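Heads up: the structure comes next, in structure tokens.
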Amino acid sequence: MHLVFFGPPGAGKGTQAQGIVADYGVPQISTGDILRAAVSNGTPLGQQAGPLMAAGKLVPDELVIGIVEERLKERDCERGFLLDGFPRTIPQAQSLEVVLQRLGKSIEHVVSLEVPDDVIHERMKGRGRADDSPATVQKRLDEFRKLTAPLKAYYQERGLLRPINGVGTLEDIAGAIKRAIGR
Ligand code: AMP
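Numbering-wise, the sequence shown is residues 834 to 1016 according to my numbering.
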């Protein structure tokens, strides 16, 4: 199972991804989690990414592409994977395609969690992550709309987009995802 979870910050990608990991045993690859670990370990990657993340901006494509390429080569990805928060730009999606082609793999479904902005703002109030202040959330939503939202058309054209209503109970949304990915 080769999946991408797509959606604005606060859409529930991480939460729903954990359910898929538990049910199907594929690893969740969250570029946000990997970057946060790099920041807290003070690595060169973390030093470069930290200020951008704190400002609600995307980190440069070449940084995240390198991370994902290395991660996808690991053994636990042989039977599949769930990408959570990657790709976030058209160049990232194009690089992903090249990397997967080299590995003899391809994306099967891009699960797009659809949640309106006012619901996002409401949800983020309760989260308490360093980049969850209202101003930073707005910046992250702006980045999403400008750089990430065009990926919907990109994956729609390739017949891979599975739009899911991301407003509802966790169980309802999980059920809709399973139906969309045919499991
Ligand atoms: P997330 O946990 O997915 O919301 O990611 C937190 C932050 O990490 C984002 O606001 C970006 O600054 C950075 N980030 C995570 N994934 C990516 C990506 N694929 N491309 C660029 N920046 C990313």
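The C-beta atom is built at its ideal place from N, Cα and C for all residues, glycine as well.
Quick caveat, the model's predicted, so the values are computed rather than measured.
**Request:** Please indicate yes or no: does the CB of T864 lie closer than 7 Å to some heavy atom of the ligand AMP?
**Result:** yes
**Prompt:** How many Å lie between P841 and L974 at the Cα?
**Reply:** 7 Å
**Helix, strand or coil at L974 according to DSSP, with G and I counted as helix** = helix
**Asked** Under a three-way DSSP split, which group does I862 fall into?
**Response** strand
**Request:** Report, in whole angstroms, the separation of the C-beta atoms of L836 and H942, which I expect to be a contact under 8 Å.
**Result:** 5 Å
**Item:** Extent of the continuous alpha helix (DSSP H) run through I940
**Value:** Careful: I940 lies outside any alpha helix (DSSP H) and carries neither H nor E.
**Message:** Suppose you measure from the CA of A850 to the CA of L885; what does that come to, to the nearest Å?
**Reply:** 25 Å
**Paired residues, beta bridge with N874 - DSSP** = DSSP lists no partner for N874.
**Message:** If you reduce the DSSP assignment to three classes, tell me which class S928 lands in.
**Reply:** helix
**Asked** Around the C-beta of K906, are 16 or more other C-beta atoms found within 10 angstroms, so that it is buried, or is it exposed?
**Response** exposed
**Prompt:** How big is the Cα-Cα spacing for S873 and Y857?
**Reply:** 30 Å
**Request:** Check S917 in the structure and name its three-state DSSP category.
**Result:** It should be pointed out that residue 917 corresponds to Asp in this sequence rather than to Ser. In the structure shown, D917 sits in a strand (DSSP, three-state: E or B).
**Request:** Check each candidate in A1007, L946, Q989 and name the one with the smallest Cα separation from F977.
**Result:** L946
**Request:** Let me know if V931 comes out buried or exposed under the rule of 16 or more other beta-carbons within 10 Å of its beta-carbon.
**Result:** exposed
**Asked** Can you find a heavy atom of the ligand AMP that lies under 7 Å from the Cβ of L905?
**Response** no
**Request:** May I ask which residues mark the beginning and end of the alpha helix (DSSP H) holding R956?
**Result:** 950-958
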